[in-house]
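4 protein chains.
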Amino acid sequence: MTSGIKKIVSVRNAHFGSKQFTIIAGPCSIESSEQFSQALQGVQTAGAHLMRGGIWKLRTSSDSFQGLGKEAFQFLREKLKNSDLGLVSEITDPRQIEATEDFLDIYQVGSRNMHNYALLQELGKTKKPILLKRGFAAHVDEWLKAADYIIKAGNENVILCERGIRTFETSTRNTLDLNSVVYVKSVSNYPVIVDPSHAVGIRALIPALAKASAAAGADGLIIEVHPNPEEALSDKEQALSIGEFTTLMNELKTLLPVLGRTL
Amino acid sequence: MTSGIKKIVSVRNAHFGSKQFTIIAGPCSIESSEQFSQALQGVQTAGAHLMRGGIWKLRTSSDSFQGLGKEAFQFLREKLKNSDLGLVSEITDPRQIEATEDFLDIYQVGSRNMHNYALLQELGKTKKPILLKRGFAAHVDEWLKAADYIIKAGNENVILCERGIRTFETSTRNTLDLNSVVYVKSVSNYPVIVDPSHAVGIRALIPALAKASAAAGADGLIIEVHPNPEEALSDKEQALSIGEFTTLMNELKTLLPVLGRTL
Amino acid sequence: MTSGIKKIVSVRNAHFGSKQFTIIAGPCSIESSEQFSQALQGVQTAGAHLMRGGIWKLRTSSDSFQGLGKEAFQFLREKLKNSDLGLVSEITDPRQIEATEDFLDIYQVGSRNMHNYALLQELGKTKKPILLKRGFAAHVDEWLKAADYIIKAGNENVILCERGIRTFETSTRNTLDLNSVVYVKSVSNYPVIVDPSHAVGIRALIPALAKASAAAGADGLIIEVHPNPEEALSDKEQALSIGEFTTLMNELKTLLPVLGRTL
Amino acid sequence: MTSGIKKIVSVRNAHFGSKQFTIIAGPCSIESSEQFSQALQGVQTAGAHLMRGGIWKLRTSSDSFQGLGKEAFQFLREKLKNSDLGLVSEITDPRQIEATEDFLDIYQVGSRNMHNYALLQELGKTKKPILLKRGFAAHVDEWLKAADYIIKAGNENVILCERGIRTFETSTRNTLDLNSVVYVKSVSNYPVIVDPSHAVGIRALIPALAKASAAAGADGLIIEVHPNPEEALSDKEQALSIGEFTTLMNELKTLLPVLGRTL
Chain L
-19 MTSGIKKIVS
-9 VRNAHFGSKQ
1 FTIIAGPCSI
11 ESSEQFSQAL
21 QGVQTAGAHL
31 MRGGIWKLRT
41 SSDSFQGLGK
51 EAFQFLREKL
61 KNSDLGLVSE
71 ITDPRQIEAT
81 EDFLDIYQVG
91 SRNMHNYALL
101 QELGKTKKPI
111 LLKRGFAAHV
121 DEWLKAADYI
131 IKAGNENVIL
141 CERGIRTFET
151 STRNTLDLNS
161 VVYVKSVSNY
171 PVIVDPSHAV
181 GIRALIPALA
191 KASAAAGADG
201 LIIEVHPNPE
211 EALSDKEQAL
221 SIGEFTTLMN
231 ELKTLLPVLG
241 RTL
Chain W
-19 MTSGIKKIVS
-9 VRNAHFGSKQ
1 FTIIAGPCSI
11 ESSEQFSQAL
21 QGVQTAGAHL
31 MRGGIWKLRT
41 SSDSFQGLGK
51 EAFQFLREKL
61 KNSDLGLVSE
71 ITDPRQIEAT
81 EDFLDIYQVG
91 SRNMHNYALL
101 QELGKTKKPI
111 LLKRGFAAHV
121 DEWLKAADYI
131 IKAGNENVIL
141 CERGIRTFET
151 STRNTLDLNS
161 VVYVKSVSNY
171 PVIVDPSHAV
181 GIRALIPALA
191 KASAAAGADG
201 LIIEVHPNPE
211 EALSDKEQAL
221 SIGEFTTLMN
231 ELKTLLPVLG
241 RTL
Chain Z
-19 MTSGIKKIVS
-9 VRNAHFGSKQ
1 FTIIAGPCSI
11 ESSEQFSQAL
21 QGVQTAGAHL
31 MRGGIWKLRT
41 SSDSFQGLGK
51 EAFQFLREKL
61 KNSDLGLVSE
71 ITDPRQIEAT
81 EDFLDIYQVG
91 SRNMHNYALL
101 QELGKTKKPI
111 LLKRGFAAHV
121 DEWLKAADYI
131 IKAGNENVIL
141 CERGIRTFET
151 STRNTLDLNS
161 VVYVKSVSNY
171 PVIVDPSHAV
181 GIRALIPALA
191 KASAAAGADG
201 LIIEVHPNPE
211 EALSDKEQAL
221 SIGEFTTLMN
231 ELKTLLPVLG
241 RTL
Chain D
-19 MTSGIKKIVS
-9 VRNAHFGSKQ
1 FTIIAGPCSI
11 ESSEQFSQAL
21 QGVQTAGAHL
31 MRGGIWKLRT
41 SSDSFQGLGK
51 EAFQFLREKL
61 KNSDLGLVSE
71 ITDPRQIEAT
81 EDFLDIYQVG
91 SRNMHNYALL
101 QELGKTKKPI
111 LLKRGFAAHV
121 DEWLKAADYI
131 IKAGNENVIL
141 CERGIRTFET
151 STRNTLDLNS
161 VVYVKSVSNY
171 PVIVDPSHAV
181 GIRALIPALA
191 KASAAAGADG
201 LIIEVHPNPE
211 EALSDKEQAL
221 SIGEFTTLMN
231 ELKTLLPVLG
241 RTL
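Taken in order, these protein sequences are the chains called L, W, Z and D. Residues in the first sequence are numbered consecutively from -19, following the numbering used here. Residues in the second sequence are numbered consecutively from -19, following the numbering used here. Residues in the third sequence are numbered consecutively from -19, following the numbering used here. Residues in the fourth sequence are numbered consecutively from -19, following the numbering used here.
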């Protein structure tokens, strides 16, 4: 795991772990065909490499919006066929893998499922890249061992994602742990990206932490962008508007060359 | 949820939430037919109301023993048929529910699956009692909302189980949170039991915390007991021998009447 | 530190670490001569061994009531002269030690000063018992090493006090860590008492946790009692009334003999 | 506190909160006249604005090196008289303030003393800048209220310093909380700097986190540099050599202009 050669995980125009600082952007939940189209066009124009969007949502309360589920399949297939961007989406049940195989480019494992080893093993049987979020209270060592479950099942295309940990501090949603990014990159070869949206949970603070992640040496970002944040059905406090995201991308374009990277 | 009438969840001779202080005891993992028989006989003689034992184990490392799985089904069916004690065991995948329906008395949801809402919803469609362990970093509110997932799916037989939380402290395996037991009992009607074995992780300290749990008002215990702790394939540092468990049961027999309860 | 002989720390009728379950009770802050008298009489009648009461208060906000300070000295001297109970009070500055020497029986080090080694060393030069609260985020090992500062300065009369730690959980004020009580008693000879008032911060939940502390093997309690909790100038949510405290003491009288202890 | 005008705290060539990214560097402990001279020359040549160095050390164990104390006064006075750099050092007892007034430029409050309000009030009576480290388990709100104690006592020259918080994660010494830096700058006008050395505790990881702090918008760094890290009497795992520090300063010189700042 500590050999000198970094693993690069590629899909379409995205190359996690390369000189590219890879950007996944899009809404927390896919809410409708129109919302998806607007988000897709917005993040593509701003320069994102991949789209994100939740089909099934793990929500603390059973009364909250749980995602469109299968209802979204048809329009996703259509719109993604004509798009340059691939879709990253969370799988919450092994039975969803086959159903989404033809239109998803990366399967995401959410923070609450990092310890769901049955799911990890099923994903390890696929060939697609797996975006493995750190459990919100997982030790770094447990995170790396969760990645082992995927790799031992046969799939080496693992991308790690730090998304904030649960601590005593309550002024922000979670505590972004950039120590873990720097540490994991020093002891393993995985690409590591950061989700500043969940890590801080406050829209105005996201761009500064996105840039901090780049300066720390992260390999990219997954970031929540919504065409109309105020009307988002989930996580609206932490979604950037397309305008705000575009501004951030421009700032990254200036910053990254100094760090030896490009967008 | 805060009405005055406490929910009592019953199965065989166990009545969680009643005056009975209900004891579930047995090994972390079911390792063999012999080990299971010895443990069953030992905990039954000592006065336990139910047996515990893991068939599938969620282990941090994919190299650790993962449980016997289906291999154990046949001898479990045979031995439980002739026993007064029912079996409590963890379900880690929705596909295990039907396969174990004829010989399990209580389905357990482990700490790492408390947020696995897909699993909770499947368990909510059954009629059996569900032992819902608190996530090791779950807020009390999230724990109660996880229980809602089961109840809304149609199953009201939920038993909560506090099993220690992850904190900065490392001298013990987790931090037993008896505040949460007392708090949950003040705001909800669920029976709440305690797992002192995982909460502290050090054999010699378990009996004192078991008694503390009773004095705090918990409705029972789930406790690791192994016929030969030194040779246990998992969690050997925290398994009581049958002799140690018998001593604890005798101490509880003296303590509980003062607290208005019985074994 | 791990020899078999437990240290007993005695002052007046209190014997910490003996068969006695030692009770310190009284208000968070000493607010007036009248309030002090009422509290003193109330807790004495209920059977407490020592009185507690803050003279100087460490408050998060500089706008909060900071204690009476020197203004209280005269009436404290008078009232304590005619009382069977001694007073336990927190020292927040080395310069307070000499000024209170003639009327305090135990110097308390508060949670926020556990790491204030300059203060610990000054207290180590006195002969009085020191009640050393655990820092709210201190590892058990750091707590024991803080005690060493006192002992190395010449004072072996150290009583440890667990008062809850800071964790991610917010439904209660802190998280009572009874693991630490059981653990410290297994590796050291210090008497260890519990402060359930700060540990949970919700009046109705304190008695259950006080009993749990006794069952866990703690050597006593320090507990907030106020003649009129609703009008307390600090910590009013967690002060027991004298009636509530008396009820708890009666419950302890029934419980303790079963645990091999007395009040 | 949230008015638009940022507070700038100046001393000698350092201007915290201005466009300058202000660097304080030097050893954890001042160990000898020679070590101090070497460190002073090294960090000055590399471009630091101020020197750091501990005179009295708060150590968890009373057996660890506690600092030179008064023994260092004479050589500090001599060497600082002929230096362009001022000295930042921690005060652990109110009685040290007057004794060091003539040769210290900034008084530092350490993490373990953030809640030592008696000390904060004494420092508030001085005119010198106060570097207020965040308590390792302090909520952001408590940190800001600790600053209020200094300000209300009459001293508005407060510089905040994030130095990592205590969480469940143990792969690094603490968890650097850059969320708090960004949050505090959005709700207050204080300059905020970062101590990456204590925040991560592993030498090789410090430069990446130093750059991340700059990108997040921090106003500077306090960083441990030792002429011979392997022989440091305290914190040797986290001290940069003068060569490593010089390399970091060169990297910052390239990075900062892109962020609108200078060294």
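Note that beta-carbon positions come from the ideal geometry of N, C-alpha and C, so glycine has one too. Please read all numbers here as calculations on a predicted model, not as lab measurements.
Pair within 9 Å by beta-carbon distance, residue i and residue j
i          : j        : result
Val167/L   : Cys141/L : no
Ile10/D    : Leu201/D : no
His206/W   : Gln15/W  : yes
Ala127/Z   : Tyr163/Z : no
Asn159/Z   : Gly144/W : yes
Arg183/D   : Leu213/D : no
Thr152/W   : Gly181/W : yes
Lys(-13)/Z : Val138/Z : yes
Ser44/L    : Tyr129/W : no
Gly6/D     : Gly33/D  : yes
Ala98/D    : Met229/D : no
Phe225/D   : Ala79/D  : no
Closer than 8 Å at the beta carbon, the chain W residues around residue i
i         : result
Arg146/L  : Ala117
Lys(-1)/Z : Simply none; closest approach about 17 Å.
Nonlocal neighbours in the same chain, by C-beta distance under 8 Å from residue i, ignoring five residues either side
i          : result
Thr242/D   : Lys(-1), Gln0, Phe1 and Leu236
Thr227/Z   : Pro187
Phe(-4)/Z  : Ile(-12), Val(-11), Ser(-10), Thr2, Pro109, Ile139, Pro171, Ile173, Asp199 and Gly200
Gly115/Z   : Ser91, Arg92, Met94, His95, Glu122, Trp123 and Ala126
Met(-19)/L : Interpretation of Met(-19)/L is limited by its pLDDT of 43, a score under 50 that renders its predicted location unreliable; the figure taken from the coordinates is listed afterwards. Cβ within range, chain order: Leu124, Val167, Ser168 and Asn169.
Gln46/Z    : Trp36, Lys37 and Arg39
Glu231/L   : Pro187 and Lys191
Ile77/W    : Ile71, Tyr87, Glu102, Leu103 and Thr106
Nonlocal neighbours in the same chain, by C-beta distance under 6 Å from residue i, ignoring five residues either side
i        : result
Val174/W : Glu142, Ser193, Ala198 and Leu201
Cβ shell of residue i (< 7 Å), same chain only, five flanking positions each side left out
i        : result
Ala118/L : Met94
Ala52/L  : Ile10 and Ile35
Ala195/L : Leu239
Lys165/D : Val172 and Gly197
Leu247/Z : No answer is possible for residue 247/Z: the residues shown for chain Z start at -19 and end at 243.
Residues that residue i contacts on chain Z, provided the C-beta gap is smaller than 7 Å
i        : result
Tyr163/W : Ser151, Thr152 and Leu185
Leu158/W : Leu156, Leu158, Leu189 and Ala192
The beta strand (DSSP E) enclosing residue i, as first and last residue numbers
i         : result
Gln21/W   : Not the beta strand (DSSP E): Gln21/W falls in the alpha helix (DSSP H), residues Ser13 to Ala26.
Gln88/W   : Ile86 to Val89
Val68/L   : Gly66 to Glu70
Gly6/Z    : Thr2 to Gly6
His178/W  : Looking at the DSSP string, His178/W is not in any beta strand (DSSP E); the run it does join, the alpha helix (DSSP H), is Pro176 to Val180.
Arg32/W   : Leu30 to Arg32
Gly49/L   : Segment: none, Gly49/L is in no beta strand (DSSP E) and carries neither H nor E.
Lys(-1)/W : Element bounds for Lys(-1)/W: n/a, residue is neither H nor E.
Glu142/D  : Val138 to Glu142
Gly200/W  : Gly200 to Glu204
Listed by chain order, chain Z residues near residue i by CB distance under 9 Å
i        : result
Lys132/D : Ser42 and Asp43
Within chain W, partners of residue i - CB distance below 9 Å
i        : result
Thr106/L : Near Thr106/L there are no residues of chain W at all, since even the closest Cβ is about 17 Å away, more than 9 Å.
Residue i: contacting residues in chain Z (beta-carbon distance under 8 Å)
i        : result
Asp121/W : Ser151
Under 7 Å by beta carbon: chain L residues contacting residue i
i        : result
Lys233/D : By Cβ distance, chain L contributes nothing, its closest Cβ being about 11 Å from Lys233/D, past 7 Å.
Arg92/W  : His95
Interface partners of residue i on chain W, CB under 7 Å
i        : result
Tyr129/L : Ser42
task: Would you be able to state if there are at least three C-beta pairs under 8 Å between the region 93 to 106 of chain L and the region 130 to 141 of chain L?
output: The answer is yes - the region 93 to 106 of chain L touches the region 130 to 141 of chain L, with three or more Cβ pairs under 8 Å.
>> Three or more C-beta pairs under 8 Å: does that hold for the region 80 to 88 of chain D against the region 46 to 62 of chain D?
In response: Using a Cβ-Cβ distance cut-off of 8 Å, the region 80 to 88 of chain D and the region 46 to 62 of chain D are in contact, since at least three pairs of beta carbons, one from each stretch, lie closer than that value.
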